[in-house]
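Taken in order, the sequence shown gives residues 13 to 165; the numbers are from this note's numbering.
Every residue gets a Cβ at the ideal spot worked out from N, C-alpha and C, and that includes glycine.
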Amino acid sequence: MQVRRWHIFVALAGVLCVAAACSGSPTATPAPAGLTTITLREDSSLGGLSTNMKTTTIDAQTGAFVIQATNADPVEGAISAEDLATLAALIEETEFFSFDADYIPSDGTCCDLVAYIIAITRDGETYSVRASNENMPDGFRTLLGRIQALTVG
């Protein structure tokens, strides 16, 4: 009788263990190490004059974001911990911190464009990269698209 109870206990413990592992309950994903803020600024210009500006600021520790556009109320939202971890990995994968700081010609040859500035604060230091819709590295374009997709507001 004692042996039978032990087998039932072991079998029940195994079922509970499997159920817990397969329950699909969310597990906490740690915040990206060292990242504190990700900011995307989009600035449209026509004839050299700024016509529309939108700034998206993401708290890289919580996933909370705010989008502030010209003549519009702020839009707030949140990115999941999983998407935040994926975004942090993409920042590393695209080698964001090795990009040049500016990809917009300074000779005045670009007046009608959309300028994008991505600024990322990591370990207390902020690194900014500015590019236009006409001139940006592929990795910047990938990161830009991902930030926009995650913060549709």
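A direct Cα-to-Cα measurement between Thr82 and Tyr128 gives close to 15 Å.
Under the DSSP assignment, Phe152 falls in the alpha helix (DSSP H) whose first and last residues are 150 to 162. At a Cβ-Cβ threshold of 8 Å, Ala72 and Thr49 count as neighbours. Gln80 is bridged by DSSP to Thr67. Its Cα nearest to that of Thr106, the residue Arg153 stands out among Leu162, Leu52, Arg153, Glu54.
For Glu88, the secondary structure class from DSSP, reduced to helix, strand or coil, is strand. Here Met65 has Arg53, Glu54, Asp55, Ser56, Ala81, Thr82 as same chain residues with Cβ atoms under 8 Å from its own Cβ, once five neighbours each way along the sequence are excluded.
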